[in-house]
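Colleague: Protein sequences, first through last, are from chains A and B.
In terms of our numbering, the first sequence is residues 34 to 245.
In terms of our numbering, the second sequence is residues 318 to 415.
The C-beta atom is built at its ideal place from N, Cα and C for all residues, glycine as well.
Nothing here was measured: the structure is a model prediction, and the numbers come from that model.
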Amino acid sequence: MEHKPDPLETLTDIRSMMERSSRFISLSGLSGVFAGIFALLGAAAVAIRYRLSFTMEEYYTRATLSSGIPDAEFFIYLFTVAILVLVASVSVAIFLTTQRARKHNLPIWDRTAQRVVWNMFIPLSAGGIFCLVLLDHGIFTLVAPATLLFYGLALLNTSKYTYPDLRYLALSEISLGLLASFVVGYGLFIWAIGFGVLHIFYGARMYQKYER
Amino acid sequence: MNWVGELNKAFESRIRLGIMSVLRVNDWMEFTELKEILQVTDGNLASHLSALEKLDFIQVRKQFIGKKPNTSYAVTTSGQQAFDQHLDALEQLIKTRE
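1. Which bits of chain B does L44 (chain A) rub up against, with CB to CB less than 9 Å?
2. Please list, in chain order, the chain B residues whose beta carbon lies closer than 9 Å to that of P140 (chain A).
3. With a threshold of 16 other CB atoms inside 10 Å of the CB of I354 (chain B), please say whether the residue is buried or exposed.
4. Quick check on R417 (chain B): buried or exposed, where buried means 16 or more other Cβ atoms within 10 Å of its Cβ?
5. Tell me the DSSP bridge mates of E435 (chain B)?
6. Assign L211 (chain A) to buried or exposed, taking buried as 16 or more other Cβ atoms, counted over all protein chains shown, within 10 Å of its Cβ.
7. I need the boundaries of the beta strand (DSSP E) containing I375 (chain B), first residue and last residue.
8. Please compile the residues from chain B whose C-beta is within a distance smaller than 8 Å of the C-beta of L2 (chain A).
9. Look up E35 (chain A) in the DSSP assignment and say whether it is helix, strand or coil.
10. Do you know whose CA, among A:N138, A:R133, A:A146, A:A187, lies nearest L157 (chain A)'s CA?
11. Just curious, the alpha helix (DSSP H) that S364 (chain B) is in, first and last residue?
12. Can you tell me whether P103 (chain A) is helix, strand or coil according to DSSP?
13. DSSP three-state label for L204 (chain A), please.
14. Could you pull out every residue in the same chain whose Cβ sits closer than 6 Å to the Cβ of R238 (chain A), ignoring the five residues on either side in sequence?
15. Would you tell me roughly how many angstroms separate the C-alpha atoms of R245 (chain A) and I127 (chain A), rounded to the nearest one?
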């Protein structure tokens, strides 16, 4: 009989090949930390410019002028900051993830990466459109909770195709979104928690677990 | 029970185990994708794939995307059963050794 490999080693091998081929494992936890920092900076930029305190309901009252119509200038500023935060976060995530894939000699744009992007994209676009509908109906109070809810669902969907740890972040975002839809008016504050604090917390945990 | 006897000879090669592991968790995989994940040469991969095909453990689908031929592979039901049995045997071997 030829050389017999150790059964335990073989099983570990099999497991790692199954994981490598079905899960996207180059995602860097640090990108979560950076996304969180950008989100906090963005929230601070809005709060400082409009002299809002995070814990007050001023966010909602600020969104409408005293005459009751939406304050366009406030929304444009808010939207610009949000886009900047998004672009910065996604760029850093792509950069760090590419670096990590190179380091481990893994393909960057393979089917696991495509699956991650698709599974994020579908719930997120549905959420984005839904938020525009809310704005169109003038239901401003539910926009912030809706963004967190849909983001959480998108993460939950994606967690099957990358690190399962993403589930905990997903469940936290969903819970926060639901809570925020009961206690409305704290939009900026819950955004800072959901996109800032939670990202930093879970990103750091994933970094410690997989990249150290 | 002799668990060593339950181990499938067809899966003794590391590459064949790799092919089966990858196909077990993915539907249809292209030749180039398999090559990238397993990091083996074309000839080596091709010979192991045809061996597994002869055993009826995997099925082959040949298509043309434009003018480029494109070959994909998937595991068959009997291949799935054989592979799962092999895994069980490996597990039992570890348990009896402890």
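Modeller: With the given structure in hand:
1. Taking the first sequence and counting its residues from 1, the one referred to as residue 44 (chain A) is at position 11. Those within 9 Å of L44 (chain A) in chain B are L404, L407, E408, I411.
2. Here residue 140 (chain A) is taken as the residue at index 107 of the first sequence, counted from 1. The contacting residues are E350, E353, I354.
3. Along the second sequence, one-based indexing puts residue 354 (chain B) at 37. With 16 or more Cβ atoms within 10 Å of its Cβ, I354 (chain B) is classed as buried.
4. Nothing in the structure corresponds to residue 417 (chain B), since chain B is present only between 318 and 415.
5. Residue 435 (chain B) is absent from the structure shown; chain B starts at 318 and stops at 415.
6. Counting from 1 along the first sequence, the entry for residue 211 (chain A) is found at position 178. With fewer than 16 Cβ atoms within 10 Å of its Cβ, L211 (chain A) is classed as exposed.
7. Here residue 375 (chain B) corresponds to residue number 58 of the second sequence, with the count starting at 1. 375-382 is the span of the beta strand (DSSP E), which, as asked, contains I375 (chain B).
8. No answer is possible for residue 2 (chain A): the residues shown for chain A start at 34 and end at 245.
9. The sequence position of residue 35 (chain A) within the first sequence is 2, counting from 1. Note that E35 (chain A) scores a pLDDT of 48, beneath 50, so its modelled location is shaky; the value from the coordinates is reported in the next line. E35 (chain A) falls in the coil class under three-state DSSP.
10. Counting from 1 along the first sequence, the entry for residue 157 (chain A) is found at position 124. Looking at the Cα atoms, A:A187 is the closest of the given residues.
11. As a first step, residue 364 (chain B) must be located in the second sequence, where it is residue number 47. Here the alpha helix (DSSP H) through S364 (chain B) covers 359-371.
12. What you label residue 103 (chain A) is simply residue 70 of the first sequence in a count that begins at 1. Looking at P103 (chain A) - three-state DSSP - the assignment turns out to be strand.
13. The sequence position of residue 204 (chain A) within the first sequence is 171, counting from 1. L204 (chain A) falls in the helix class under three-state DSSP.
14. For the purposes of this step, residue 238 (chain A) is taken as the residue at position 205 of the first sequence. Excluding positions up to five away in sequence, the list is empty.
15. Here residue 245 (chain A) refers to the residue found at position 212 when the first sequence is read from its first residue. Here residue 127 (chain A) refers to the residue found at position 94 when the first sequence is read from its first residue. Between R245 (chain A) and I127 (chain A), the C-alpha separation is close to 20 Å.
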